[in-house]
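Numbering (the working numbering), first residue to last: 35 to 377. Using N, Cα and C, we set each Cβ at its ideal position, and we do this for glycine too.
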Amino acid sequence: MKLFVCEYFTGGGLIGKDLSSNFIREGEMIIKSLLASLSKFQKTNQDIEFFFARDYRLRTKKFKNSCLYTPKKNIWSFWESCIEKSDAFWPIAPETENILERLSQIAIKRKKILIGSLPKAIRQTKNKYLTNKILQRNRLPIIPSRIFKKISPKFLKNLEKRNWILKPIDGAGADEVFILNKATKKIIDVIEKKIRNRMFILQPYLAGQVMSLSAIFTKDDFIPLTCNKLIINPSKGSVHYQKIEVGGAEFLRNEMTRIVKKIHTAFSGLLGYVGIDFIKNRKNLVVLEINPRLTTSYVGLARSINFNPVEIILKQFDKNYQNMREVKKRKLTVKKVVINVSR
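This is how it looks when you write it as structure tokens:
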């Protein structure tokens, strides 16, 4: 099997732009971890050949023979050509601006094996407002949200009473996530400009610890891998990930698994690696969002668990390997691995 891997930010997504994006560092971490896992898998599965896209401005020391440098323009044509030449395609891209969905649709249209979630599931989970509605219908714990279009005098008055979270309806990670309160009124002008150019949702601020679950989804089942703790640094009204403790929230495994079982039922088409974000307060474990792609927690996954995650992910897309019974019989061991995300 010839597998094409494309991590959006390091694989050409910033062609025509500078490389100062906050996502470049995380993209580098993810693609390096995935390539290392693929290389390890290849040693015992020689029928797989992988190659990956690389922005022509970025150098690489490892996996040079598998690297395809991008052209200086027409990046979508380049990606389509690479997908056409492959048997399978593994996209790692943000849901923002339909990027992940569009890449996935190209693979399906070309009749390639898509290593990841189906477009329908991507559409449902990229829209945080729609995700919340589906979760609510399935009686899962959520933070109420509403589409936010305008900063009114009444809302400014409410900032004196409580904190709010404002985030893009199709955002990725902590990108353009703001904490609004009376202390952040001075950035209101900045936020008003962003609201005019992009759709946002507003949620009441819920104090607690942000957690996540790294899982592998199949059509009929799912495997919870690691329960993670996400350390966030709020600064001047915005939110930034500081570090991730992969396996740092194992005490929540049973509670997370019960919730994710319902998520698996509610969102058909989630396949491969899926990351689910939660917030834990004194009373509940609340679902924040669902990520239908590799997340930064993957960087520590191979070091945290006692088997190669790539093996499980790829096997589920093998026609000769129809279920996860063999994998679920394995005894999973998890150790804590800390990933520094901030610069």
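Within this structure, are the beta carbons of Thr159 and Pro326 separated by less than 8 Å? yes
Supposed close pair Asn192, Leu240 - CB separation, criterion 8 Å: Contact flag wrong, Cβ pair sits at about 16 Å.
Alpha carbons only, please: which of Lys365, Ser338, Thr330 and Lys98 is nearest the one belonging to Gly61? Thr330
Contact belief for Val321 with Leu169 at Cβ below 8 Å, rounded distance in angstroms: 6 Å
On the premise that Glu323 lies in contact with Lys162, defined as a C-beta separation below 8 Å, what is that separation, rounded to the nearest angstrom? 6 Å
Beta-carbon gap between Arg88 and Gly45 smaller than 8 Å: yes
Using DSSP bridges, identify the partner residues of Ile142. Answer is none; Ile142 lacks a bridge partner.
Identify whether Ala127 lies in helix, strand or coil by the three-state DSSP scheme. coil
Is the beta carbon of Ile117 less than 8 Å from the beta carbon of Ser138? no
For Gln276, does the three-state DSSP call read helix, strand or coil? strand
Here's the rule: buried if 16 or more other CB atoms are within 10 angstroms of the residue's CB, otherwise exposed. What is Gln276? exposed
Given a cut-off of 8 Å on the beta-carbon distance, is the pair Ile203 and Ile235 in contact? yes
Spatial distance of Leu72 from Lys369 (CA atoms): 21 Å
Assign Leu48 to buried or exposed, taking buried as 16 or more other Cβ atoms, counted over all protein chains shown, within 10 Å of its Cβ. buried
So, Lys227 versus Met245, is the Cβ gap smaller than 8 Å? no
Using CA atoms only, rank isn't needed, just tell me which of Lys183, Ala122, Gln237 and Glu83 is closest to Asn231. Lys183
Buried or exposed: where does Ile373 fall if 16 or more other Cβ atoms within 10 Å of its Cβ makes it buried? buried
Per DSSP, what are the beta-bridge partners of Asp254 in this structure? Paired residues: none, contrary to the question.
Skipping 5 residues on each side, what residues in its chain have a beta carbon closer than 6 Å to that of Tyr90? Tyr103 and Thr104
Residue nearest to Lys295 in terms of C-alpha spacing, selected from Lys145, Ala206, Leu328 and Pro258: Pro258
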